[in-house]
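Enquirer: Line by line, the protein sequences are chains S and D.
Residues in the first sequence are numbered from 1 upward in steps of one, following the working numbering.
Residues in the second sequence are numbered from 1 upward in steps of one, following the working numbering.
For glycine and all other residues, C-beta sits at the position ideal for the given N, C-alpha and C.
All figures in this text were calculated on a predicted structure; none of them were measured in a lab.
To start, I am sharing the structure in question, which I have written as structure tokens.
Number of protein chains: 2
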Amino acid sequence: MKRQLARELEGKIGETVKIQGWVHRIRNLGGIAFILLRDRSGVVQCVVDTKEIDIKGLKLESVVEIIGRVKEESRVELGLEILVQELKVISKVVEDLPIEINNEELKANLDTVLNHRVLSLRNLKTNAIFKVQAALAQGFAAFLKKEGFTQIFTPKIVATGTEGGTELFQVQYFDKKAYLAQSPQFYKQMLVGAGYERVFEIGHVYRAETHDTSRHTNEFISLDLEMGFIEDERDVMALETRMLKEIFAFIKEECARELDLLEVEVPEIGDEIPSIKFPEALEILRQEYGKEDLKMDLDPEGERLIAKYVKERYGSEFVFITHYPQAKRPMYTMPAEDGLTHSFDLLFRGLEITTGGQRIHDYEQLKASIISRGLSVESFSDYLEVFKFGMPPHGGLAIGLERLTGQLLGYKNIRQTTLFPRDRYRIRP
Amino acid sequence: MKRQLARELEGKIGETVKIQGWVHRIRNLGGIAFILLRDRSGVVQCVVDTKEIDIKGLKLESVVEIIGRVKEESRVELGLEILVQELKVISKVVEDLPIEINNEELKANLDTVLNHRVLSLRNLKTNAIFKVQAALAQGFAAFLKKEGFTQIFTPKIVATGTEGGTELFQVQYFDKKAYLAQSPQFYKQMLVGAGYERVFEIGHVYRAETHDTSRHTNEFISLDLEMGFIEDERDVMALETRMLKEIFAFIKEECARELDLLEVEVPEIGDEIPSIKFPEALEILRQEYGKEDLKMDLDPEGERLIAKYVKERYGSEFVFITHYPQAKRPMYTMPAEDGLTHSFDLLFRGLEITTGGQRIHDYEQLKASIISRGLSVESFSDYLEVFKFGMPPHGGLAIGLERLTGQLLGYKNIRQTTLFPRDRYRIRP
Numbered sequence: 001m002k003r004q005l006a007r008e009l010e011g012k013i014g015e016t017v018k019i020q021g022w023v024h025r026i027r028n029l030g031g032i033a034f035i036l037l038r039d040r041s042g043v044v045q046c047v048v049d050t051k052e053i054d055i056k057g058l059k060l061e062s063v064v065e066i067i068g069r070v071k072e073e074s075r076v077e078l079g080l081e082i083l084v085q086e087l088k089v090i091s092k093v094v095e096d097l098p099i100e101i102n103n104e105e106l107k108a109n110l111d112t113v114l115n116h117r118v119l120s121l122r123n124l125k126t127n128a129i130f131k132v133q134a135a136l137a138q139g140f141a142a143f144l145k146k147e148g149f150t151q152i153f154t155p156k157i158v159a160t161g162t163e164g165g166t167e168l169f170q171v172q173y174f175d176k177k178a179y180l181a182q183s184p185q186f187y188k189q190m191l192v193g194a195g196y197e198r199v200f201e202i203g204h205v206y207r208a209e210t211h212d213t214s215r216h217t218n219e220f221i222s223l224d225l226e227m228g229f230i231e232d233e234r235d236v237m238a239l240e241t242r243m244l245k246e247i248f249a250f251i252k253e254e255c256a257r258e259l260d261l262l263e264v265e266v267p268e269i270g271d272e273i274p275s276i277k278f279p280e281a282l283e284i285l286r287q288e289y290g291k292e293d294l295k296m297d298l299d300p301e302g303e304r305l306i307a308k309y310v311k312e313r314y315g316s317e318f319v320f321i322t323h324y325p326q327a328k329r330p331m332y333t334m335p336a337e338d339g340l341t342h343s344f345d346l347l348f349r350g351l352e353i354t355t356g357g358q359r360i361h362d363y364e365q366l367k368a369s370i371i372s373r374g375l376s377v378e379s380f381s382d383y384l385e386v387f388k389f390g391m392p393p394h395g396g397l398a399i400g401l402e403r404l405t406g407q408l409l410g411y412k413n414i415r416q417t418t419l420f421p422r423d424r425y426r427i428r429p
Numbered sequence: 001m002k003r004q005l006a007r008e009l010e011g012k013i014g015e016t017v018k019i020q021g022w023v024h025r026i027r028n029l030g031g032i033a034f035i036l037l038r039d040r041s042g043v044v045q046c047v048v049d050t051k052e053i054d055i056k057g058l059k060l061e062s063v064v065e066i067i068g069r070v071k072e073e074s075r076v077e078l079g080l081e082i083l084v085q086e087l088k089v090i091s092k093v094v095e096d097l098p099i100e101i102n103n104e105e106l107k108a109n110l111d112t113v114l115n116h117r118v119l120s121l122r123n124l125k126t127n128a129i130f131k132v133q134a135a136l137a138q139g140f141a142a143f144l145k146k147e148g149f150t151q152i153f154t155p156k157i158v159a160t161g162t163e164g165g166t167e168l169f170q171v172q173y174f175d176k177k178a179y180l181a182q183s184p185q186f187y188k189q190m191l192v193g194a195g196y197e198r199v200f201e202i203g204h205v206y207r208a209e210t211h212d213t214s215r216h217t218n219e220f221i222s223l224d225l226e227m228g229f230i231e232d233e234r235d236v237m238a239l240e241t242r243m244l245k246e247i248f249a250f251i252k253e254e255c256a257r258e259l260d261l262l263e264v265e266v267p268e269i270g271d272e273i274p275s276i277k278f279p280e281a282l283e284i285l286r287q288e289y290g291k292e293d294l295k296m297d298l299d300p301e302g303e304r305l306i307a308k309y310v311k312e313r314y315g316s317e318f319v320f321i322t323h324y325p326q327a328k329r330p331m332y333t334m335p336a337e338d339g340l341t342h343s344f345d346l347l348f349r350g351l352e353i354t355t356g357g358q359r360i361h362d363y364e365q366l367k368a369s370i371i372s373r374g375l376s377v378e379s380f381s382d383y384l385e386v387f388k389f390g391m392p393p394h395g396g397l398a399i400g401l402e403r404l405t406g407q408l409l410g411y412k413n414i415r416q417t418t419l420f421p422r423d424r425y426r427i428r429p
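Following this line, the structure appears as structure tokens:
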């Protein structure tokens, strides 16, 4: 008999079926017992006559196979239950569970949850987070493919950093020193110039930052894109606006049950996301909130306040902040007037989830920018080569996948939306 | 005026259009010149009246913008050409090209090609390789999503190796020592047990192997999958057979032009790929080819000969070799009779492109297997936890994306189908 999933049983009333999964809950009422069996598709109620089938030793989270008849039962979620004829333990539980899985919310603290990450993922809500995350990444890829982007896989073992060598993890690479890539920035630009014009990557990036906040980990997934033949950064912002609309529409379809379970409202995005220039943002913070301590960048409080302002004023949960000062942007950023740049961040519910902008494409200008920052042109020679041989105007962006997931689903700590987080104190499991 | 791509000009005969791209070739016939303009979609012929427009200084590979009228021209590939009205250089070429790009085949040796990887990718054939590679990865993801698999992103910074600590790159992780993951093997198994049941990952893996062959690099992309609730390894093999059929059908659609340009024949896959048990494979090698030097594993020559045998006998370019000896398979491999295992490799045109098998799911059996190999149970405690709490029978496989690309497209050296290869001697560009 072929195994059926819980969600596949609809329309099979009266049939005898085989199901397999984990014992999610047991309710023993004496002569009769209810077992909730959980598989990857959902949870189904199974009714056991305990005079016929002995379930005394059966432990929560055992993997079992049940053969039984499907019966209509309007009081449960699926509208059906299984009258159990046979029950077989496929894989048993040999210790007491270190955390309770079958509650609606995990009741352990975050450290315990992460120490037992794999078991914590059996909790229905925790499990749903990473189904949504997968769909976000797939929506990103699907949209970009349709827009003529080529998916790329660039190396994570690199000879130099993109910013001149700070915050890099060092790798012992045979007899050489190498580093883990902070971002695919240089490679994606190079591949625009290699003729692909439009490229994207979904990959790991590494930041050896020592600070320990709820917004940072040291390894995360970056959704990167880069596109050639643009006018300026507004082309990239327009693409991101359309992309987020499509990704959100996609996950509403794809993850309807998960979003429902997590009680998440997917935000509406209009045809244009409000956009505020950095100097204006400072002005708003001064005038509206009396916040005067910012000069060259926004801090988390500033980002939250601007988001609040935009939400109240324009009803948008997103806002682009554009034209950051040159001093706060990397050497490859296209300069604009007054010491500003053709750059942007996208804030979502008060947190930066995207950094992007137009890049310098002229070889001499890029060299001059590197020198002006006290960096060595020679150390960027691999990156610079393509700029000597015809490089189109281009720009791009990077979205932190775990941050996007967290902001969308309402989790405060990035570790909650990272499958196996890596931070200063954690490299396990 | 909006930019048009070369491939979008069909049906625009008589219209004035704007195109942008690289100068692929120039043929100057005195009063008239032909410029081939290359963009991400293809190459279009542009006709310049050199008395009107001066192209004396125009260099190959410059990025230009051309405005002109589309005219029918049956003698060229697209069936049209552009009569140039305006030509503007957007980004110039400031040095002599280190390699010739516009030949049908790159004429430089592999080292030179890789030293100038970005420019070499402008060559039409070289460029096409990585469009096919992207489509292979996308076909993999699309098939698995349809089959109920969840895409996962597992950490590449890990505390221990999967095989007991050999061939690992070491990372200085703050004040700790960590390693780069050799494979997502443990994580994908753990996530099967976390309730996802079916998971896949497309990600980087790292092997600190010191050998230097045409089949190995030290960083590559692994197409990994793992599935729960299987009978044995044959379920995984059946899935891979269906998957390869679908991936190949997908790339035939998606990459018709690239495959044509590369003169590639995509192999047919029947409903079943021939399958030979390892001991029988040795017997065939002895009897048919007098090859007697193999005992516990196939070597590259053995793989080529078996592939030749299967091709001649069954007409298949693929063959599964199953039941490898326990001594040659990792500790998590499910044992079979006679010291063999529930494992398989898939050979494609004589090269192993997949390793897979059923895994041990019983906690005690897995612990015993670890101990029997002289490894420490304690060092695998993160991995082992889920096996104590109900782990379904499961198995999976890993496909090397660059190997699959190379075997499909007929490249002998894996570096040719790796975007930016990393080997013992190369970490740049």
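Starting from S/Asp345, follow its DSSP beta bridges and name the residues at the other end.
Expert: The partner list for S/Asp345 (beta bridge, DSSP) reads S/Ile321 and S/Thr355.
Enquirer: Going along the segment 324-347 of chain D in order, which residues come within less than 9 Å of chain S, judged by CB to CB distance?
Expert: Going along the segment 324-347 of chain D in chain order, one finds no residue with a Cβ nearer than 9 Å to chain S.
Enquirer: Checking 8 Å against the spacing of the C-beta atoms, do D/Leu180 and D/Val199 come in under that value?
Expert: Not a contact, by the Cβ cut-off of 8 Å.
Enquirer: Starting from the C-beta of D/Glu81, find all residues in its chain whose C-beta is less than 6 Å away, skip the five residues before and the five after it, and write them out in chain order.
Expert: Excluding sequence neighbours, D/Glu81 sits near Gln45, Val47, Lys71 and Glu73.
Enquirer: With contact counted as at least three CB pairs below 8 Å, one residue from each stretch, are the segment 358-365 of chain D and the segment 394-401 of chain D in contact?
Expert: A contact exists between the segment 358-365 of chain D and the segment 394-401 of chain D.
Enquirer: Beta-carbon separation of D/Leu121 and S/Ala194 under 8 Å?
Expert: Cβ distance < 8 Å, so D/Leu121 and S/Ala194 count as in contact.
Enquirer: What three-state label does DSSP hand D/Ser369 in the structure shown?
Expert: Helix, per DSSP.
Enquirer: Which partner residues does D/Glu226 have in the DSSP bridge list?
Expert: The partner list for D/Glu226 (beta bridge, DSSP) reads D/Val199 and D/Gly396.
Enquirer: For D/Asn109, does the three-state DSSP call read helix, strand or coil?
Expert: If DSSP states are grouped into helix, strand and coil, D/Asn109 belongs with coil.
Enquirer: Pair every Cβ in the segment 265-274 of chain D with every Cβ in the segment 298-308 of chain D, then say whether three or more of these pairs are closer than 8 Å.
Expert: No, they do not touch.
Enquirer: Which stretch, first to last residue, makes up the alpha helix (DSSP H) that contains S/Ser62?
Expert: That residue, S/Ser62, is in no alpha helix (DSSP H); it is neither H nor E in DSSP.
Enquirer: For the beta strand (DSSP E) that contains S/Ile430, what are its first and last residues?
Expert: Since the first residue of chain S shown is 1 and the last is 429, residue 430 of chain S is not available in this structure.
Enquirer: Using 8 Å for Cβ pairs, my map puts D/Leu78 next to D/Glu8. What's the rounded Cβ distance?
Expert: The pair is not a contact, with the Cβ atoms about 10 Å apart (cut-off 8 Å).
Enquirer: Closer than 8 Å by C-beta to S/Lys2: which residues in its own chain qualify, once you throw out the five before and the five after it? Chain order, please.
Expert: If we look at S/Lys2 and ignore the five residues flanking it on each side, its Cβ neighbours are Lys18.
Enquirer: So which residues on chain S does D/Ile19 lean against when the C-beta distance must stay under 7 Å?
Expert: What D/Ile19 touches in chain S: nothing, since even the nearest Cβ is about 10 Å away.
Enquirer: With a threshold of 16 other CB atoms inside 10 Å of the CB of D/Gln133, please say whether the residue is buried or exposed.
Expert: Label assigned to D/Gln133: buried.
Enquirer: Does the CB of D/Arg40 have a neighbour CB from chain S at under 8 Å?
Expert: Closer than 8 Å: yes.
Enquirer: Could you confirm whether any beta carbon from chain D is found closer than 8 Å to the beta carbon of S/Asn102?
Expert: Answer no: the Cβ-Cβ gap between S/Asn102 and chain D never drops below 8 Å.
Enquirer: At what residues does the alpha helix (DSSP H) containing D/Gln138 begin and finish?
Expert: Taken as a continuous stretch (DSSP letters only), the alpha helix (DSSP H) holding D/Gln138 covers Leu124 to Lys146.
Enquirer: Under the rule that 16 or more other beta-carbon atoms within 10 Å means buried, what is D/Thr166, buried or exposed?
Expert: So D/Thr166 counts as exposed.
Enquirer: Quick check for students: name the residue ranges of the alpha helix (DSSP H) that lie wholly in the segment 268-311 of chain S, counting only runs of 4 or more.
Expert: Taking only runs of at least 4 residues, the alpha helix (DSSP H) segments lying wholly in the segment 268-311 of chain S are 278-289.
Enquirer: Who does S/Cys46 pair with in a DSSP beta bridge?
Expert: In the DSSP output, where bridge partners are listed per residue, S/Cys46 has S/Ile35 and S/Ile82.
Enquirer: Using a C-beta cutoff of 8 Å, does D/Arg122 count as contacting chain S?
Expert: Interface residue, yes.
Enquirer: I'd like to know whether the C-beta atoms of D/Leu110 and D/Gln416 end up nearer to each other than 8 Å.
Expert: In this structure, D/Gln416 lies closer than 8 Å to D/Leu110 by Cβ.
Enquirer: Whole angstroms are fine: how far does the CA of D/Pro421 sit from the CA of D/Pro216?
Expert: Here residue 216 of chain D is His; the residue named in the question, Pro, does not match the sequence. Those two C-alpha atoms are separated by around 10 Å.
Enquirer: Please tell me whether S/Glu385 has its Cβ less than 8 Å away from any Cβ of chain D.
Expert: For S/Glu385, the answer is yes, since a Cβ of chain D falls inside 8 Å of its Cβ.
Enquirer: I want to see whether chain D comes within less than 8 Å of S/Thr417, judged by CB atoms only; does it?
Expert: No, no contact with chain D.
Enquirer: For S/Met190, decide whether its Cβ has a neighbour in chain D, counting only Cβ atoms nearer than 8 Å.
Expert: Closer than 8 Å to some Cβ of chain D, the Cβ of S/Met190 qualifies, so yes.
Enquirer: Do you know offhand how far D/Asp260's Cα is from S/Leu119's?
Expert: Roughly 49 Å separates the two Cα atoms.
Enquirer: Identify which residue in S/Ala208, S/Arg69 and S/Val76 has its Cα closest to the Cα of S/Ser183.
Expert: Ranking S/Ala208, S/Arg69 and S/Val76 by Cα distance to S/Ser183 puts S/Ala208 first.
Enquirer: Taking the CB atoms as reference points, tell me whether S/Phe153 and S/Glu201 lie closer together than 8 Å.
Expert: Yes.
Enquirer: Measuring only the C-alpha atoms, how far is S/Thr160 from D/Tyr173?
Expert: Cα-Cα distance, rounded: 17 Å.
Enquirer: My understanding is that D/Ile247 touches D/Leu144, with C-beta atoms under 8 Å, so please give their C-beta distance in whole angstroms.
Expert: Contact doesn't hold; Cβ gap of about 10 Å is too wide.
Enquirer: Return helix, strand or coil for S/Ser91, following the three-state DSSP convention.
Expert: If DSSP states are grouped into helix, strand and coil, S/Ser91 belongs with the strands.
Enquirer: Given D/Glu292, which residues of its chain have a CB within under 7 Å of its CB, disregarding the five upstream and five downstream residues?
Expert: Answer for D/Glu292: Arg286, listed in chain order.
Enquirer: Could you give the distance in angstroms between the alpha-carbon of S/Ile53 and the alpha-carbon of D/Glu337?
Expert: Whole-angstrom Cα-Cα distance: 34 Å.
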